[in-house]
Amino acid sequence: MSGKKVADVAVKAGRAIDWDGMAKMLVSEEARKEFATPPPHLRGRQPPAPDQEPQPIDWEYYRKGIGSKVVDMYKEAYDSIEIPKYVDTVTPEYKPKFDALVVELKEAEKTSLKESERIEKEIVELREMKKKISTMTADEYFEKHPELKKKFDDEIRNDYWGY
Numbered sequence: 643m644s645g646k647k648v649a650d651v652a653v654k655a656g657r658a659i660d661w662d663g664m665a666k667m668l669v670s671e672e673a674r675k676e677f678a679t680p681p682p683h684l685r686g687r688q689p690p691a692p693d694q695e696p697q698p699i700d701w702e703y704y705r706k707g708i709g710s711k712v713v714d715m716y717k718e719a720y721d722s723i724e725i726p727k728y729v730d731t732v733t734p735e736y737k738p739k740f741d742a743l744v745v746e747l748k749e750a751e752k753t754s755l756k757e758s759e760r761i762e763k764e765i766v767e768l769r770e771m772k773k774k775i776s777t778m779t780a781d782e783y784f785e786k787h788p789e790l791k792k793k794f795d796d797e798i799r800n801d802y803w804g805y
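Mapped onto the working numbering, the consecutive letters of the sequence shown carry residue numbers 643 to 805.
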């Protein structure tokens with residue numbers, strides 16, 4: 643069988659395999675897990691990023707092991723493949739918007755940190771007040787909250803008793 647026929651048969655066989663059907667036939671959970679896991683020689687391999695060139699193929703290595711006719715056929719087919727280069731038209735459009743959002747985020751973060759500090763202080767004050775509330779007099783409470791003292795004094799002065 644010639645190299646071209648072998649390659650054609652391999653491609654057709656790969657397409658003819660019903661992988662979903664095979665997965666449904668597996669009974670045990672362990673078998674399903676093993677079926678879904680890539681083989682050890684492929685684990686951890688990641689395809690090259692779109693902006694990286696793939697590693698060059700050592701055609702001489704394959705010529706020694708397989709034979710030059712089959713390798714030349716694959717090399718010719720490989721060389722004929724043209725992969726279009728990705729041209730990024732989206733990033734320039736959104737980069738200024740993103741940078742503006744980052745600046746806004748930094749400002750919001752500063753505001754949030756200040757507000758967090760204020761709230762933490764208020765929590766400490768409330769905890770102290772909670773401890774002292776059972777023994778605190780009205781005068782001590784009004785010292786900490788003069789606006790309430792003024793409100794109550796105004797209500798008493800105007801003879802408004804909450805009715």
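Note that the Cβ used here is the ideal one computed from N, Cα and C, for glycine as well.
The three-state reading of DSSP puts V745 in helix, counting H, G and I together.
Between the alpha carbons of E767 and K786 lies a distance of about 10 Å.
K763 sits in a helix when the DSSP states are folded into three classes.
Judged by DSSP in its simplified three-state form, G709 adopts coil rather than helix or strand. W701 is not a Cβ neighbour of V712, given a cutoff of 7 Å.
Between the alpha carbons of E735 and V744 lies a distance of about 16 Å. Look at S670 here: in three-state DSSP terms it is coil, with no helix or strand label. Per DSSP, D660 lies in no alpha helix (DSSP H) and is assigned neither H nor E.
Under the DSSP assignment, E724 falls outside any alpha helix (DSSP H); it carries neither an H nor an E label.
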